[in-house]
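Colleague: The working numbering applies: residue 1331 is where the sequence shown begins, and numbers increase by one.
Let me give you the structure first, and then I'll get to my questions.
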Amino acid sequence: MSEIFVIVEHRLNEIRDISFEMLWKACELAQTHSHTVTAILLGHEVNALAEQISDRADTVLLFDDERCKNFNAGTYKEIVAALIQESNPILTLIGNTSWGMELAPCLAVKTGYPLGTDCIDISFQDGKLIAQRQMYDGKIFSNISFADSPGYLLTVRSGVFAKDPLGQRKAEIVKKDFPLAEVPLKKEFVEYVETAAGDVDISQAELLISVGRGIGEEENITLVREFAEALGGIVSCSRPIVDKNWLPKYLQVGTSGKSVSPKVYIAIGISGAFQHMAGVTGAGTIIAINKDHKAPIFRTADYGIVDDLFKIVPALKDKVQELKKG
1331 MSEIFVIVEH RLNEIRDISF EMLWKACELA QTHSHTVTAI LLGHEVNALA EQISDRADTV
1391 LLFDDERCKN FNAGTYKEIV AALIQESNPI LTLIGNTSWG MELAPCLAVK TGYPLGTDCI
1451 DISFQDGKLI AQRQMYDGKI FSNISFADSP GYLLTVRSGV FAKDPLGQRK AEIVKKDFPL
1511 AEVPLKKEFV EYVETAAGDV DISQAELLIS VGRGIGEEEN ITLVREFAEA LGGIVSCSRP
1571 IVDKNWLPKY LQVGTSGKSV SPKVYIAIGI SGAFQHMAGV TGAGTIIAIN KDHKAPIFRT
1631 ADYGIVDDLF KIVPALKDKV QELKKG
């Protein structure tokens, strides 16, 4: 029975969603292929975070040390490489984030393990690891295989897997000693500076109402805003809307925007190009409203309405408001 390692990413004493998503996928692979899931958590005074993920892994390896308070690729590399050498996991998952994109190449060099980056799906076929990636700005989905190795490293795109616990697990939390007397640091952490990404983070939304070029004119976006407000959702958009400067970049869904995983994704006037749909692979239910019955989005949507959005959206908004009034 082999292990799957998941490197838990956290910031400002909060576990980031990418960690929950990787744990979900690790548990799915473990159920199918009789592996075990081990979460690797480095930090300082993070016992509560270990408890928070204990229902998503078989083991949580906790390194609690002042030197791990803030992420440093050099420190993480040495600790994780030592664990890989000790346990020989078949697979190590790392977020395709600023953390992961710095850590993963260092770890690949240190361990000699093959590395696949920005993966949107992972499977084992006939005992061989297969990772799915997108190429050419999302136009092509490619399955990649690897040379034989004792283990593999993959970075995982945010928003492509579910975040909920999968299966019934109760991890043993194992506190580990810091394995190195001193790790030479090539850079020093100063502070976290929050970027001005706008008032909302669409990657965290449970209900998204997304608008595309079918809306016609900028002033028509008000119609979508009112519908979103009635539903209690957040407005997002496809790339053409951003290109026209009708909505800001931080609301864009797709390969050149954000990957999202809402429970419900309502696409209004969106044709469903590869580049856009690649950003909603983690959505629970997709509802499409488009007057073109041949629009590609209907091949992916769970529910579709083929009609004029300027007739359908106001009618849906009025019905929602009516139901709210009882």
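Beta carbons: idealized from backbone N, C-alpha and C, even for Gly.
Predicted, not measured: the structure shown is a model, and the values here were computed from it.
1) How would you label ARG1386, buried or exposed, when you count the other beta carbons within 10 angstroms and need 16 or more for buried?
2) Could you have a look at HIS1340 and say whether DSSP puts it in helix, strand or coil?
3) With distance defined between alpha-carbon atoms, name the residue in TRP1576, GLY1587, ALA1603 nearest to ILE1545.
4) Whose CA, out of VAL1390, VAL1520, ALA1356, lies closest to the CA of LYS1399?
5) With DSSP as the reference, identify every bridge partner of CYS1449, one or two as the case may be.
6) Shortest alpha-carbon distance to VAL1583 belongs to which of SER1364, PHE1393, TRP1354, VAL1490?
7) Do the segment 1535-1550 and the segment 1559-1575 make contact, defined as three or more Cβ pairs closer than 8 Å?
8) Here's a check: name, in chain order, each residue in its chain whose Cβ is nearer than 6 Å to the Cβ of PRO1480, leaving out the five neighbours to either side.
9) From GLN1605, LYS1593, THR1485, pick the residue whose C-alpha is nearest to that of THR1615; which is it?
10) In angstroms with no decimal places, state the Cα-to-Cα distance between ASP1637 and TYR1580.
11) Go ahead and pull the three-state DSSP assignment for ILE1629.
12) Looking only at DSSP bridge pairs, what is VAL1520 linked to?
13) Mapping the DSSP letters down to three states, classify ASN1473 as helix, strand or coil.
14) Tell me where the beta strand (DSSP E) around TYR1595 begins and ends.
15) Confirm, please, whether the CB-CB distance from VAL1590 to ILE1642 is below 7 Å.
16) Would you kindly check if the distance between the Cβ of ILE1370 and the Cβ of ILE1337 is under 7 Å?
17) Following the continuous alpha helix (DSSP H) through ALA1535, name the residue where it begins and the one where it ends.
18) Smallest Cα separation from ASP1394: which of ALA1378, ALA1403, ALA1597?
19) Going by Cα to Cα distance, which pick from GLU1351, LEU1423, ILE1452, ILE1414 is closest to THR1362?
20) Counting only beta-carbon atoms, is PHE1519 nearer than 7 Å to chain B?
21) Between the Cα of GLY1457 and those of PHE1640, ASN1550, THR1441, PHE1476, spot the shortest distance and give me the residue it belongs to.
22) Could you give the distance in angstroms between the alpha-carbon of GLY1425 and the alpha-carbon of HIS1623?
23) Looking at GLU1358: is its Cβ nearer than 7 Å to the Cβ of ILE1348?
24) Identify whether LYS1506 lies in helix, strand or coil by the three-state DSSP scheme.
25) Going by C-alpha to C-alpha distance, which of PHE1335, ASN1473, GLU1432 sits closest to LEU1392?
26) Per DSSP, VAL1610 forms a beta bridge with which residues?
Modeller: Quick answer:
1) buried
2) strand
3) Minimum Cα distance to ILE1545 is reached at TRP1576.
4) VAL1520
5) VAL1486
6) Closest by alpha carbon: VAL1490.
7) yes
8) ASN1418
9) LYS1593
10) 29 Å
11) Inspection of the sequence shows that residue 1629 is occupied by Arg rather than by Ile. It is helical.
12) Residue pairing of VAL1520 in beta bridges, as defined by DSSP: absent, with no partner found.
13) Looking at ASN1473 - three-state DSSP - the assignment turns out to be strand.
14) Per DSSP, the unbroken beta strand (DSSP E) holding TYR1595 starts and ends at 1594-1598.
15) no
16) yes
17) Counting along the chain, ALA1535 falls outside any alpha helix (DSSP H), and DSSP gives it neither H nor E.
18) ALA1378
19) ILE1452
20) Absent here is chain B; the protein component of the structure consists of one chain.
21) PHE1476
22) Near 37 Å, if we compare the C-alpha coordinates of HIS1623 and GLY1425.
23) no
24) strand
25) Of the candidates PHE1335, ASN1473, GLU1432, the one whose C-alpha sits nearest the C-alpha of LEU1392 is PHE1335.
26) VAL1610 is not bridged to any residue.
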